[in-house]
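Engineer: A single structure is presented below for examination.
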Amino acid sequence: MVLKLYNTLTRKKEVFKPIKGKEVKIFVCGPTVYDFSHIGHAKTYTQFDLIVKYLRYLGYKVFYLQNLTDIDDKIIKRANEEKNDPLKLAKKFEEEYKKDMLSLGVDSVDKYARATDYIPEIISQVKRLINKGIAYKISDGYYFDLTKFSEYGKLAKRTALEAEDSVSRIDENKEKKNKGDFCLWKFYKPGEPFWESELGKGRPGWHIEDTAITEKEFGPQYDVHGGAVDLIFPHHEAEIAQMESISGKKPLVKYWLHTAFLNIDTKKMSKSKGNFITIRKALKKYSGEIFLLLLKSIRVSFSLQ
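Laid out in structure tokens, this is it:
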């Protein structure tokens, strides 16, 4: 019996062979915790839960790591609207997210990693990019210079944003060297959370959070990275650029797995569009067994031959 995975990086099914024997290190992008989770999240996380449990059933020793973005422009905006502290707001919805996952039977995650617990690692990565001449400073922070990474676009097969891409950070500044350059460290603005550092008082950019987490927990290379398709560009593309630039090792990830959108009225379901149905609302209308059967019956990214 041969297990194959569809690898987004190569656009083909490949025989699954972990980097180290039967050990599997898998990282999946978790939510930005500023609202209740919706059934689009449920689709992605129940599918990766199924994949991880199946790998364990086959005898693989899997460590499943998932991040939680708990500092972000969207979190700050929502907190300001509610006259709340951004970190307290994030903590509240982190707990609600975990409750929703347990209600769906998603219990395979070994560790949830909050971005704010990895500030020293984030700062270290930014400093190394500066020292390599890959990051540069402008008025609102440090940015990644895309001209310094010639393979940018190899995952998405493009280098420009499209309508359905997920953009969690506001990285627009006329001072940028290149249009697609993204922020690594955002300088402090009044009313925002911040950390003191050698980079200046500020907070991390979105993409650098994940590579700091995975380098700390897994090292510069690991087996599987997962998430929804809207994260392929620019988020996952930026992760590759950052970590491969820092380590000099390729590939950052051996197998990239992505789940498709859950659409509503032919449009991607998302919190930013306001066209979402929360998990808890769906579970009030449908039994958990029926809801899970629907989610887990949708095709996932592996096959047996």
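Note that my numbering gives residue 351 to position 169 of the sequence shown, counting from 1, and the numbers run on in steps of one. Built from N, CA and C at the ideal position, the CB exists for glycine as well. Computed from a predicted model, the values in this text were never measured in an experiment.
Given GLU419, which residues of its chain have a CB within under 7 Å of its CB, disregarding the five upstream and five downstream residues?
Structural biologist: Here residue 419 refers to the residue found at position 237 when the sequence shown is read from its first residue. Excluding positions up to five away in sequence, the list reads TYR334, GLY335, LEU337, ALA338.
Engineer: From LYS202 to GLN403, what distance separates their C-alpha atoms?
Structural biologist: The sequence position of residue 202 within the sequence shown is 20, counting from 1. The sequence position of residue 403 within the sequence shown is 221, counting from 1. Cα to Cα, LYS202 sits roughly 11 Å from GLN403.
Engineer: With three or more beta-carbon pairs closer than 8 Å as the criterion, would you say the stretch 269-277 touches the stretch 231-245?
Structural biologist: no
Engineer: On a Cα-Cα basis, can you pick out the residue from GLY430, LEU474, ASP412, ARG462 that is closest to THR190?
Structural biologist: Within the sequence shown, residue 190 is the residue found at index 8, counting from 1. It is ASP412 whose Cα lies nearest to the Cα of THR190.
Engineer: Where do the ends of the beta strand (DSSP E) carrying GLY409 lie?
Structural biologist: Residue numbering aside, residue 409 sits at position 227 when the sequence shown is read from its first letter. Per DSSP, the unbroken beta strand (DSSP E) holding GLY409 starts and ends at 404-410.
Engineer: Quick one: is TYR239 buried, meaning 16 or more other Cβ sit within 10 Å of its Cβ, or exposed?
Structural biologist: Translated into positions along the sequence shown, residue 239 becomes position 57. Exposed is the call here.
Engineer: Return the bridge partner residues of ASN189 from the DSSP annotation.
Structural biologist: Residue 189 sits at position 7 when you count from the first residue of the sequence shown. Here ASN189 is bridged, per DSSP, to LYS194.
Engineer: Decide if GLY165 is buried, meaning its Cβ has at least 16 other Cβ atoms within 10 Å, or exposed.
Structural biologist: As displayed, the chain neither begins before 183 nor continues past 487, which places residue 165 out of reach and without an answer.
Engineer: Going by DSSP in three states, LEU486 sits in which element: helix, strand or coil?
Structural biologist: Looking up residue 486 in the sequence shown gives position 304. Any reading at LEU486 needs caution, since the residue's pLDDT is 46, under 50, leaving its predicted position unreliable; the model's value is listed next. Note: LEU486 maps to strand in three-state DSSP.
Engineer: For GLU205, name the three-state secondary structure that DSSP assigns.
Structural biologist: As a working mapping, residue 205 is identified with position 23 in the sequence shown. DSSP places GLU205 in strand when its eight states are reduced to three.
Engineer: Hey, how far is the Cα of HIS353 from the Cα of LYS259?
Structural biologist: Counting from 1 along the sequence shown, the entry for residue 353 is found at position 171. Counting from 1 along the sequence shown, the entry for residue 259 is found at position 77. At residue 353 the sequence reads Asp, which differs from the His that was named. Near 15 Å, if we compare the C-alpha coordinates of LYS259 and ASP353.
Engineer: By how many angstroms is the C-alpha of ILE472 removed from the C-alpha of GLU303?
Structural biologist: For this step, residue 303 is matched to residue 121 along the sequence shown. For this step, residue 472 is matched to residue 290 along the sequence shown. The straight-line gap from Cα to Cα measures roughly 42 Å.
Engineer: Please report how far the alpha carbon of GLU357 lies from the alpha carbon of LYS371, in whole angstroms.
Structural biologist: Translated into the one-based positions of the sequence shown, residue 357 becomes position 175. Translated into the one-based positions of the sequence shown, residue 371 becomes position 189. Between the alpha carbons of GLU357 and LYS371 lies a gap of roughly 18 Å.
Engineer: Under DSSP, the alpha helix (DSSP H) around PHE245 begins and ends at which residues?
Structural biologist: For the purposes of this step, residue 245 is taken as the residue at position 63 of the sequence shown. Premise fails: PHE245 lies in the beta strand (DSSP E), 243-250, not in any alpha helix (DSSP H).
Engineer: Which residues in the same chain have their Cβ closer than 6 Å to the Cβ of HIS407, if we skip the five residues on either side of it in sequence?
Structural biologist: Mapped onto the sequence shown, residue 407 falls at position 225. Here the set comprises PHE209, VAL435, TRP438.
Engineer: Using alpha carbons as the reference points, say which of ALA410, GLU378, TYR294 lies closest to PHE443.
Structural biologist: Along the sequence shown, read from residue 1 onward, the residue named residue 443 stands at position 261. Ranking the options by Cα distance to PHE443, first place goes to ALA410.
Engineer: With C-beta atoms as the reference, is THR251 less than 8 Å away from VAL215?
Structural biologist: The residue given as residue 251 occupies position 69 in the sequence shown. The residue given as residue 215 occupies position 33 in the sequence shown. In this structure, VAL215 lies closer than 8 Å to THR251 by Cβ.
Engineer: Check for me: the alpha helix (DSSP H) holding ALA224 runs from which residue to which?
Structural biologist: Within the sequence shown, the letter at position 42 stands for residue 224. Its alpha helix (DSSP H) spans residues 221-239.
Engineer: Apply the 10 Å Cβ neighbour rule to THR298 and answer buried if 16 or more other Cβ atoms are within range, or exposed otherwise.
Structural biologist: Here the question's residue 298 lines up with position 116 in the sequence shown. Result: buried.
Engineer: Is the Cβ-Cβ distance between LYS127 and VAL206 less than 8 Å?
Structural biologist: This structure cannot speak to residue 127, because the chain is shown only from 183 to 487.
Engineer: Can you list, in chain order, the residues of its chain with a C-beta nearer than 6 Å to that of SER429? Leave out the 5 residues immediately preceding and following it.
Structural biologist: As a working mapping, residue 429 is identified with position 247 in the sequence shown. Excluding sequence neighbours, SER429 sits near PRO402.
Engineer: What is the DSSP secondary structure of GLY387, counted as helix, strand or coil?
Structural biologist: To locate residue 387, count along the sequence shown from 1; it is residue 205. DSSP places GLY387 in coil when its eight states are reduced to three.
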